Every structure is written in structure tokens, then in C-alpha cells.
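Count along the sequence shown starting at 1, add 1, and that's the number in my numbering.
Input: a single structure, listed below in C-alpha cells.
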Amino acid sequence: MSFISIIRLIAFCLSLLFAIVTLGLSARWTQASNELLGILYNFEVVALLAATLTLVIIPTLLTVAAIRKNALTSMIAVEIPVLGALWILWLIAAALTADVSGVFYPFGCVDQLGSGVAFCRQFMAIEALSFLNWLLLMVYSIILLTFTLIAQSRGNNVWRLSVNEAVFFLPRATSSPTGQPGIATAPPTIIAAQYQYPPGSAPMQQAAAPQISAYSSQPTPVSYTSYPQV
Numbered sequence: 002m003s004f005i006s007i008i009r010l011i012a013f014c015l016s017l018l019f020a021i022v023t024l025g026l027s028a029r030w031t032q033a034s035n036e037l038l039g040i041l042y043n044f045e046v047v048a049l050l051a052a053t054l055t056l057v058i059i060p061t062l063l064t065v066a067a068i069r070k071n072a073l074t075s076m077i078a079v080e081i082p083v084l085g086a087l088w089i090l091w092l093i094a095a096a097l098t099a100d101v102s103g104v105f106y107p108f109g110c111v112d113q114l115g116s117g118v119a120f121c122r123q124f125m126a127i128e129a130l131s132f133l134n135w136l137l138l139m140v141y142s143i144i145l146l147t148f149t150l151i152a153q154s155r156g157n158n159v160w161r162l163s164v165n166e167a168v169f170f171l172p173r174a175t176s177s178p179t180g181q182p183g184i185a186t187a188p189p190t191i192i193a194a195q196y197q198y199p200p201g202s203a204p205m206q207q208a209a210a211p212q213i214s215a216y217s218s219q220p221t222p223v224s225y226t227s228y229p230q231v
């Protein structure tokens, strides 16, 4: 398992745990505010929505990537925007809860009595867990996006792979004469073979050109006899 896969597993498990707790506390607050006041606050609705979507999306990302390869939901190109939308939702829930906190509990839980202390602590827990889930998912998304861009700059396209299958830090690809990156090929060496004609006989040598000597500069002497010449 790679480094980014370990970070992914830890972030998803903690996010699931925080979502389960947030869902229970938000449901308790929603029930109490509806029964006592007859209204629903914005932070309750957003916290319930964020927790519910987290409990649906995160297990889907974990199980599909482990069961099926090259699935659409396990691709990095899908996982990054889905998690981005999820941590934005958690950020909105945390911001709404923090905004209402100054109205409901300006001095914290020290001035609460009886059941008010329990509700105050539940409210603070919803706020804290919303911020934690936002930070977890956002930091993991940024790390995954950074690793993916590094791999893309090295010529390794991992957008259509899952996090468990992707290799982010391959050596940079180099061009080669054959057009295949990362493979350097040497030019072929041509060895000229010597053939014998016919096989088994010694090679014929080129006949030496005849040497033509220059004519003698001395004339050939003519002998005269006493016999008549016809």
C-alpha cells in the first residue's frame, strides 16, 4: 500500500467516525428544536445533509475501489471533485454552527444549568466535528491533487486510475528515436559478411595488370650481307 493510500484510508475512516457522531447529535438537536420551538435551524439541516452524504459517499469510494478495477467512482478524476463538494458542505455546516454559537452560547457552557449543559456540549461537538471533517477531507483532496499534477508533469496520466492503482512518482519520460518515451535505442550495427565463391574455395585475387615497358631509345642495328636480297 502506497503512502497516499494510507493517508486516504485514515482520512476516510476518521471522516466516517465523525460523520456518525455528527449525524446523531444533529438529529437530537433537530428533534429538540422542533418539539420545543417548532423550527429548524440552518446549521442543523446542513449538518444532517453533510453527515448523511458522507456516510453514503465515503463507503462507496472505499468498497468500489477494492472490489472493481477501473470503475467510474474510483477514478481520481471523479474522487477529487466529489470530495471537494463534500468538504465544502462540511465547511458551510461548521460556519453556520459557529455563527449561531455566539447567539446561543456567548459564554460557552459555564452558565448553563441542568439539561442546558448537555445541549450546549452537543452543540459544541457538532461545531468541532464539522470543522474536523472539513479539514480532513480538504487536506486529503489537496494532497491527492498535488500528487496527480506531479505525475502528470512527469508524463504519467493517472486521472483515470484509482488511488490504489496509481503510481505518482515514476521517472520522467524521455523521448527516443522510435517515438516511445523512456526507451533509448541505439542505431543498428550492420556487419558485412564475407562470402566465398564457390563455398569452401579460397577467394580469388585480382590479376595483376601487365606491365608495359617503355620502348628502348636505342635503334636495332641492321646487318648487311653479300647475298642479294629479294
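All C-beta atoms, glycine included, are put in the ideal place defined by N, C-alpha and C.
Being a predicted model, the structure only gives us computed values, none of them experimental.
Query	Result
In angstroms, rounded to a whole number, what distance separates the CA positions of residue 124 and residue 102?	8 Å
With 16 as the cutoff for other CB atoms within 10 Å, does residue 104 come out buried or exposed?	exposed
Buried or exposed: which applies to residue 44, given that a residue is buried once 16 or more other Cβ atoms fall within 10 Å of its Cβ?	buried
So what's residue 166 in DSSP terms, helix, strand or just coil?	coil
Count the other C-beta atoms from every protein chain shown that fall within 10 angstroms of the C-beta of residue 4, then say buried if there are 16 or more, exposed otherwise.	exposed
Okay, do the region 49–62 and the region 104–122 touch, 3+ Cβ pairs below 8 Å being the bar?	no
Which residues in the same chain have their Cβ closer than 7 Å to the Cβ of residue 8, if we skip the five residues on either side of it in sequence?	141 and 144
Say yes only if the C-beta of residue 143 is nearer than 8 Å to one or more non-hydrogen atoms of the ligand MG, and no if none qualify.	This structure lacks the ligand MG; in fact it carries no ligand of any kind.
Determine the extent of the alpha helix (DSSP H) in which residue 1 is found, giving its start and end residues.	This structure does not reach residue 1, given that the chain is present from 2 up to 231, and the question cannot be answered.
Just the C-alpha distance for residue 163 and residue 109, rounded to the nearest angstrom, thanks.	44 Å
Assuming residue 165 contacts residue 34 under a Cβ cut-off of 8 Å, what Cβ separation, rounded to an integer in Å, is found between them?	43 Å between Cβ atoms; not a contact.
Three-state secondary structure (DSSP) at residue 159?	coil
Drop a sphere of 10 angstroms on the beta-carbon of residue 64, count the other beta-carbons inside from all chains shown, and report buried for 16 or more, exposed for fewer.	exposed
Do residue 167 and residue 77 have their C-beta atoms within less than 9 Å of each other?	yes
For the region 73–90 and the region 17–35, state whether three or more C-beta atom pairs, one from each stretch, are separated by less than 8 Å.	no
With 16 other CB atoms within 10 Å as the buried threshold, where does residue 91 fall?	buried
Candidates 119, 66 and 96: which alpha carbon is nearest residue 136's?	96
Only counting the same chain, and skipping five residues up and downstream in sequence, which positions put a Cβ closer than 6 Å to that of residue 93?	47
Under the three-state reduction of DSSP, which class applies to residue 141: helix, strand or coil?	helix
Whose C-alpha, out of 161, 139, 169 and 130, is nearest the C-alpha of residue 151?	169
So, helix, strand or coil for residue 14, using DSSP?	helix
Please report the residue range of the alpha helix (DSSP H) in which residue 85 lies.	77–105
Report the three-state DSSP secondary structure of residue 1 (helix, strand or coil).	No statement about residue 1 is possible, as the shown extent of the chain runs from 2 to 231 and does not include it.
CA-CA distance, residue 58 and residue 119?	31 Å
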